[in-house]
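0 is the number of the first residue of the sequence shown in numbering that gives the first Met the number 0; add one for each residue after it. Glycine included, each C-beta is placed from N, C-alpha and C at the ideal position. For reference, the structure is listed below as structure tokens.
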Amino acid sequence: MGNVISSNLSLRNFVPSDYPELISWFPTAADLRLFAGTSAEWPLTIESLSARAEVEVSEAFTAVLDESGVTAGHVEFIRETKDQVRLGRIAIAPDLRGQGLVALLLDRASEKARTAGFRWISLLVIPGNVSALRAYARAGYVDVGPSPVHPEYIKMLLRI
Ligand SMILES: CC(C)(COP(=O)(O)OP(=O)(O)OC[C@H]1O[C@@H](n2cnc3c(N)ncnc32)[C@H](O)[C@@H]1OP(=O)(O)O)[C@@H](O)C(=O)NCCC(=O)NCCS
């Protein structure tokens, strides 16, 4: 994939024309579960993404490589308290994984969260998702153990 990592990355609003590509990233129920936990049924559909957008449980963003405009990732913001926001449904496009792009996505998300007045970011990760746990730890997130609210997930926290 060459020099992908030298390209910067931006977040823009996730819009209906992004839905088919996001759906294509999760060809099996196991893939979807790593991404969405129990918050989505496989297969992800246009209808389920539209319904999630309508209820406004989260603000969703598409990560785009600045140089090429290629869609590189996805992330959602879920407000937990006035100081804390949770990042959910994080993914990097399958053919762009393993190049550190999630670190850029997390940097952009931190900037956005700080600008919105949050002081903490939390994440919930399925315990077996070693790629995600390692990438988030490299970005400074601290494993604080099982989530008190959703004990089937590991909670990670970052002070911003
Ligand atoms: C977890 C995820 C966001 C990490 O993004 P990324 O940009 O690939 O992260 P990194 O480049 O830092 O790589 C993370 C680890 O995945 C490994 N990896 C390499 N190629 C990979 C690939 N094609 N697929 C998955 N993992 C890969 C890397 O080697 C690295 O391992 P290491 O920590 O032992 O060095 C991404 O793998 C992904 O979208 N996974 C599917 C959805 C998901 O699990 N989301 C997390 C929800 S909490």
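- Take aspartate 65, set aside five residues on each side of it, and the residues of its chain with a beta-carbon closer than 7 Å to its own are Ser6, Asn7, Leu8, Ser9, in chain order.
- The beta carbons of isoleucine 125 and tyrosine 152 sit about 6 Å from each other, so the pair counts as a contact at 8 Å.
- Scanning Met155, Trp41, Val69 for the CA closest to the CA of arginine 11 turns up Val69.
- For proline 145, the enclosing beta strand (DSSP E) covers residues 141 to 145.
- Histidine 73 is bridged by DSSP to Thr61, Ala90.
- Boundaries of the alpha helix (DSSP H) harbouring leucine 48: 45 to 54, taken from the DSSP string.
- For isoleucine 120, the three-state secondary structure derived from DSSP is strand.
- Here threonine 61 is buried. Its C-beta has 16 or more other C-beta atoms within 10 Å.
- Secondary structure of lysine 81 (DSSP, three-state): coil.
- Excluding the 5 residues flanking it on each side, serine 49 has same chain C-beta neighbours closer than 8 Å at Pro15, Tyr18, in chain order.
- In this structure, arginine 133 has its CB closer than 6 Å to one or more heavy atoms of ligand 1.
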